[in-house]
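According to the numbering used here, the sequence shown is numbered sequentially starting from 81. Beta carbons: idealized from backbone N, C-alpha and C, even for Gly. Worksheet for the structure shown next.
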Amino acid sequence: MPGMYYYGMYFDPTYLLVVLGLIITLIASANVKGTFNKYDKISSRRGITGAECARKILDANGLYNVRIELGQGKLTDYFSPKENLIKLSEATYNSTSIAALGVAAHECGHAVQHQVGYAPIKLRNGIVPFVNICSYAAIPLILLGIILSQFGLAMFGVILYGAVFAFQLITLPTETNASARAIQTLHSMAILDEEELVGTKKVLTAAALTYFASAAATALQVLRLLLIVMNASGRRRD
81 MPGMYYYGMY FDPTYLLVVL GLIITLIASA NVKGTFNKYD KISSRRGITG
131 AECARKILDA NGLYNVRIEL GQGKLTDYFS PKENLIKLSE ATYNSTSIAA
181 LGVAAHECGH AVQHQVGYAP IKLRNGIVPF VNICSYAAIP LILLGIILSQ
231 FGLAMFGVIL YGAVFAFQLI TLPTETNASA RAIQTLHSMA ILDEEELVGT
281 KKVLTAAALT YFASAAATAL QVLRLLLIVM NASGRRRD
């Protein structure tokens, strides 16, 4: 659609895609923080902490070698397979809330995924170096291709940026599966009862939505880059 997009001193309408992506991620982020804060005020009936919950789940799965450490901040919890370490944030480690237990169990879900050789997480971890290269190289290649009127090179840059989106798509089943494992484990080990699990599910669902939002924002950015390259190529032909 020649003439639809304007650059340089003119307003670039494709920035609307970036703004839309930002709005989506901000809404998802606000939702997970609000949901966590709501259920972080509800203590579990058994009164165990996030760290104790994680230790019980790990030991029940034979993961005695996985360490649990106190981290900083809030909702910064993660599992590091290289270190055999679950780092629980300050809001999770010593908290007895149903929100904290859900987060702790979720990270244990990732540890179990590694133990059983869950395919999506193996694939995700395997392509991390390649995706990192793609994310660094994509934009310079696009700019260089446009400047030199080498639009094949610019399109290659767009494809490389698309690898970031593909990585995020692979991340989705990894995260949703870890949450499903968490809920099942919390129930089967009687760490939370049915009523408590309702709130925990809402916390983990809100957390999962942040990954969907991130993937959507990246998809919009890929579309924007594609439109920019196509427009530059069209103007060159004109």
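With burial defined as no fewer than 16 other Cβ atoms inside 10 Å of the residue's Cβ, what is the status of residue i: buried or exposed?
i, result
"D157", "buried"
"D120", "buried"
"L168", "buried"
"E255", "buried"
"Q193", "buried"
"S259", "buried"
"N164", "exposed"
"Y144", "exposed"
"E275", "exposed"
"V196", "exposed"
"M84", "At M84 the pLDDT is 42, less than 50, meaning the model places this residue with poor confidence; the figure from the coordinates comes in the next sentence. With fewer than 16 Cβ atoms within 10 Å of its Cβ, M84 is classed as exposed."
"V99", "exposed"
"F245", "buried"
My guess is that residue i and residue j are in contact by the Cβ rule of under 8 Å, so how many angstroms apart are they, rounded?
i, j, result
"T129", "Y173", "7 Å"
"I207", "F247", "6 Å"
"I122", "A134", "No, I122 and A134 are not in contact; Cβ-Cβ is about 19 Å, not under 8 Å."
"I239", "L203", "That pair is no contact at about 19 Å."
"Y198", "N257", "7 Å"
"R126", "I271", "6 Å"
Please name the residue or residues paired with residue i in a DSSP beta bridge.
i, result
"E170", "The partner list for E170 (beta bridge, DSSP) is empty, contrary to what the question assumes."
"I148", "I166"
"S177", "S123"
Between which two residues does the beta strand (DSSP E) containing residue i stretch?
i, result
"R126", "Element bounds for R126: n/a, residue is neither H nor E."
"Y158", "158-160"
Beta carbon of residue i: closer than 8 Å to some heavy atom of the ligand ADP?
i, result
"A134", "Ligands displayed in this structure: none; no statement on the ligand ADP is therefore possible."
Would you mind listing the alpha helix (DSSP H) stretches within the region 207-285 that are 4+ residues and don't spill past its ends, in chain order?
Listed in chain order, the alpha helix (DSSP H) elements of length 4 or more contained wholly in the region 207-285 are 231-268.
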